[in-house]
Amino acid sequence: MTDRNFTVIENEWIALKDGTRLASRIWMPEGTEQNPVPAVLEFLPYRKRDGTSARDESTYPGFAAAGIAGVRVDIRGSGESEGVIDGEYTPRELSDASEIIEWIAAQPWSNGKVGMMGISWGGFNALQVAALKPPALKAVISIASTVDRYNDDIHYKNGCHLSAQLSWAATMLAYQSRSPDPELVGERWKEMWLERLENEPFFLEEWLEHQRRDDFWRHGSICEDFDGFPVPALVIAGWADGYRNTPIKAIEGLGDRAKALIGPWVHKYPHFAWPKPRADFLSEAIRWWNRWLRNERNDAEQLPQMRAYILDGPRPALRRDEDAGRWIAKDVWTAPEMRSFGIARDGSLASGRSREGIGDVYLRSPLDTGTAAGEYFTLKPDAELAGDQRIDDAGSLTFETHPLLEAEDYLGQPVLSLDVSCAAATANLIARLVDVHPDGTATRVSFGVLNLAHRNGNAKPVPMEKNHRTRITLVLDACGYRFRAGHRIRLSLSTSYWPMILPSPSDPGLTVDTESLSLSLPLLGDHREIVVPQPANPNPLPHYIAHSQPQTRRTVERDMTRGVTHYTIYEDTGLVEHPDTGNATQDIRCEIWSIAPDDPHSVTGVSTWTCTARRDGRSLKTISKSRLSCTGSEWITSAKVEAFEEETKIFEKTFEKRIRRDLM
């Protein structure tokens, strides 16, 4: 397929040293015979043929038109690539990526310089592969990623168990169970499919074997050796996503080798993300690649170390299409000056006053506190974002300022310190920073969570001493926010944040010493206001043929008779056909979390996926069901995968495992 000044190679096989062939899709600029070009690699398990085709087609043609080849490769065992996936960011995955980079650099059309790019998984492994120092890799762009796999991903957060861990394990089980495209792989398609189905792992089992920050999580966490990271990195995130800490951590760890860009966005590429305003990612990336892959003197290295969008009092809504705010730049990032707040005698949150407090307060939130938390990582600006916090504040201990006399601007990570005690080995503490509008509407600005057994670090949890007053420091997630005049700043504390955070084994509650409480907020400080250009094309994603419409539902049901709360997520992509390949796919996810508000052992999560592919009268389908429950001492996992050709079941497999809880 040819379009103007580049050609799309729909499938190019890349042979690895062990004989495994990986499938790639390449956007190739014209004229490479006379002028070899740089290339950008994106290496994912999300299926180039259907899963990421729309976003790939919104990005790589722009690169190719600028003379940069785009190489989108399916990870081993996914899409059309041979073999079986063996986990997440494994040594084999990173080794495969290094081989691909070597292959790209050796091609006659290549100038020998390669960049690596991606969002989420591709953003993770771009950083991780760069840390291995493959000679041809000269720069990376990492979006919605992490430098710390334990604390800033979907598994655990400060020793708390994220429910997203089951959600993502279920997603990967569904993704990896799908068939390769027979049109590309030929007669071996069914043999390859059955090999995957038989040998793919259920990732949750391995993740639960590592509930503390051990070598499993240190692997791939570039924060373990920032000094050894060799190449320039443009690190991008959105305030509406769970990966908002990474740009700050990257520039603090990498110094001038990293540049940070943080917008108002969910977990999407900036040129088509919500809430708006968007950023002209293509121009941004092309400038980056031209500087480091072509040695073009375009001053990309002179970009401000931090560019951030400062949110200006957005309100929770059914859908947030655009958030008010402004772009600012800090040419050099330094640790922000902190403004300290404490609890005054009248119970208010007060800045610059003596901390008198209101004495000890016992807090034990209902276990279904947290239904307004939204998702950990967000794909749409709807109910996946945090809702009005008044719902969750009802089960929380709250302190708020008097109405602000003037606007206050903050950028960075808030820090909470306080003394607490509890009657068990551990408990969860959740802190939320909230903007209270004059009419009472409450917008979550930032939050942080801590398993108290992890108070001194995540590698070696230490049980709490029963009923012993203990000093706790909790660092909240990064934020860039303006609290307007007339608004109030609220601190909300809870011991539950379900379903985002799963409950501790005994849920003992906490006694909070309010006199000891100190909340420090990071002042914006010196900065300059800037313009971040928006994309010329306001709708860059291609339009495919819709045979049925997508559906989204999120509901909370409180069964007042049985004393159980259910949180249900239903997502249907609709049946969508790619106009060039004729391949039509549909993914349906139904996930249900349940809990009794007074029983931490009652929590269950069940995630069911139905994935269908249709073309030329052929229908291939998988149904996968993943489940997590617990006792006081064990996590109980199970999963089942079924595969169908037409309506005939051709495969079935189950997983079952019980794993000891490790102070969690």
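Numbering (this note's numbering), first residue to last: 27 to 690. Where is the CB? At the ideal position from N, CA and C, for every residue including glycine. Being a predicted model, the structure only gives us computed values, none of them experimental.
When rounded, the separation of the alpha-carbon atoms in arginine 579 and threonine 594 is 8 Å.
The beta strand (DSSP E) runs of length 3 or more contained entirely in the stretch 35-67 are, from start to end of the chain, 47-55. Taking asparagine 493 as the centre and dropping the five residues before and after it, the same chain places the C-beta of Ser447 and Ala449 closer than 7 Å to its C-beta, in chain order. Annotated three-state conformation of aspartate 435 is strand, per DSSP. Collapsing the DSSP output to three states places arginine 75 in coil.
Excluding the 5 residues flanking it on each side, serine 518 has same chain C-beta neighbours closer than 6 Å at Asp419, Ser422, Thr424, Arg458 and Val460, in chain order. Cysteine 249 sits in a helix when the DSSP states are folded into three classes. Between arginine 333 and asparagine 324 a beta carbon distance of about 17 Å is seen, past the 8 Å cut, so the two are scored as non-contacting. DSSP places serine 518 in the uninterrupted beta strand (DSSP E) bounded by 514-520.
DSSP places serine 542 in the uninterrupted beta strand (DSSP E) bounded by 536-548. With a 10 Å radius around the Cβ and a threshold of 16 neighbouring Cβ atoms, isoleucine 556 comes out exposed. In its chain, beyond the 5 residues on either side, Ala170, Asp267, Phe403, Thr404 and Leu405 have a beta carbon closer than 6 Å to the beta carbon of histidine 293.
Secondary structure note for leucine 287: its beta strand (DSSP E) is the uninterrupted segment 284-289. Per DSSP, asparagine 493 has no beta bridge partner at all. Secondary-structure assignment with DSSP links tryptophan 661 through a beta bridge to Cys656 and Ile685.
Per DSSP, the continuous alpha helix (DSSP H) segment holding leucine 234 begins and ends at 229-234.
At the C-beta level, aspartate 100 and leucine 42 stay beyond 8 Å of one another. Between the C-alpha atoms of arginine 516 and arginine 371 there is a straight-line separation of about 16 Å. When the beta-carbon positions are compared, isoleucine 274 and leucine 550 stay at least 8 Å from each other.
Between glutamine 415 and arginine 341, the CB-CB gap reaches or exceeds 8 Å. Glycine 96 is positioned such that its CB atom lies closer than 8 Å to that of tryptophan 53.
With fewer than 16 neighbouring CB atoms inside 10 Å of its own CB, tyrosine 388 falls in the exposed class. The beta carbon of glutamate 250 lies closer than 6 Å to those of Arg244 in the same chain, with the five residues before and after it left out. Here the alpha carbon of proline 71 sits roughly 35 Å from the alpha carbon of alanine 355.
Rounded to whole angstroms, the gap between the alpha carbons of glutamine 154 and serine 247 is 7 Å.
Spatial neighbours of arginine 584 in its own chain (CB-CB distance under 7 Å, excluding positions within 5 residues in sequence) are listed in chain order as Thr591. Taking a cut-off of 8 Å on C-beta distances, the stretch 159-173 does not touch the stretch 497-505, as fewer than three cross pairs fall below it. Annotation note: the stretch 252-317 contains the following uninterrupted alpha helix (DSSP H) runs of length 4 or greater, listed N- to C-terminal: 272-280. In the three-state scheme derived from DSSP, where H, G and I count as helix and E and B as strand, alanine 370 is classed as coil. Counting other Cβ atoms within 10 Å of its Cβ, glycine 438 reaches 16 or more and is therefore classed as buried. Runs of the beta strand (DSSP E) lying entirely within the stretch 601-639 and spanning at least 3 residues, in chain order: 610-622. The C-beta separation of lysine 666 from serine 650 comes to about 7 Å, placing the pair in contact by the 8 Å criterion. Exclusion of the five residues before and after glycine 373 leaves Ile384 and Phe425 as the residues of its chain whose Cβ lies within less than 7 Å of its Cβ. Residue pairing for alanine 453: DSSP places it in no beta bridge. Across the set Trp215, Glu672, Gln331 and Asp207, the C-alpha of Asp207 shows the shortest separation from the C-alpha of lysine 74.
Under the three-pair Cβ rule at 8 Å, the stretch 83-90 counts as touching the stretch 301-317.
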